[in-house]
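Engineer: Count the sequence shown with the working numbering and you get residues 1266 to 1416, in order.
For each residue, glycine too, the CB sits at the ideal point set by N, CA and C.
As the structure is a computational prediction, the values presented were derived from the model and not from experiment.
My questions will all concern the structure given below.
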Amino acid sequence: GVWEYFPSQEELTWSDGTRRIHGVDAGYEPSIDNAVEFYHPDDRATITDAVEAAVEDGERYDLDLRIERADGEVRDVRAWGEYVEDARRGDAALRGVFQDVTEREAKRREHQALAEEYAALLETSGDAIFLLDVDAAGDEPSFEFARLSPG
């Protein structure tokens, strides 16, 4: 979803996609204060600092954070924002994109946990370990030596 914030007027608008990510109905009218309240308590300072830096110094931000939807579900999100002059209104606005990345983050955490598990296995094993990779055709096995401890 997309969003737009005019600090001079304290005006925040969300697209339907941004509302869906937050789990609110189409008639929901966000304010900057209640928008920040959706962020996970551990992430609120991060987003507040990023918004302030964008408005004061023109710094872009691109952050992976967590929100708590209206129904209480925690979701991983990517929040991107940029402060720009809005010629049609003669004012400056902070504009951005909001993306639900919960599935991507779950897969990343799963892969990280597996990598750590395999690293621990290799580190503690006193045996020879070989990895076997069979290509898509299934007729060319590839052996790779992983570790052999002297015994």
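From the DSSP output, which residues share a beta bridge with alanine 1357?
Structural biologist: In the DSSP output, where bridge partners are listed per residue, alanine 1357 has Glu1350.
Engineer: Could you tell me whether the segment 1330–1341 touches the segment 1295–1312, using the rule of 3 or more Cβ pairs below 8 Å?
Structural biologist: yes
Engineer: Quick one: is alanine 1417 buried, meaning 16 or more other Cβ sit within 10 Å of its Cβ, or exposed?
Structural biologist: This structure cannot settle anything about residue 1417, because the visible part of the chain is limited to 1266 through 1416.
Engineer: With distances taken between CB atoms, is the gap from threonine 1283 to valine 1301 smaller than 8 Å?
Structural biologist: Cβ distance not < 8 Å, so threonine 1283 and valine 1301 don't count as in contact.
Engineer: Would you check if the distance between the CB atom of tyrosine 1348 and the CB atom of alanine 1310 is smaller than 8 Å?
Structural biologist: no
Engineer: Does valine 1366 come out as helix, strand or coil in the three-state DSSP assignment?
Structural biologist: coil
Engineer: For alanine 1378, which three-state DSSP category applies?
Structural biologist: helix
Engineer: Can you list, in chain order, the stretches of the alpha helix (DSSP H) that have 4 or more residues and sit fully within the segment 1289–1336?
Structural biologist: 1297–1302 and 1309–1322
Engineer: Helix, strand or coil: which one does DSSP assign to glutamate 1388?
Structural biologist: helix
Engineer: Is tyrosine 1293 closer than 8 Å to alanine 1358 when the C-beta atoms are compared?
Structural biologist: no
Engineer: Express the C-alpha separation of glutamate 1276 and alanine 1335 in angstroms, rounding to a whole number.
Structural biologist: Using only the alpha carbons, I get a separation of about 21 Å.
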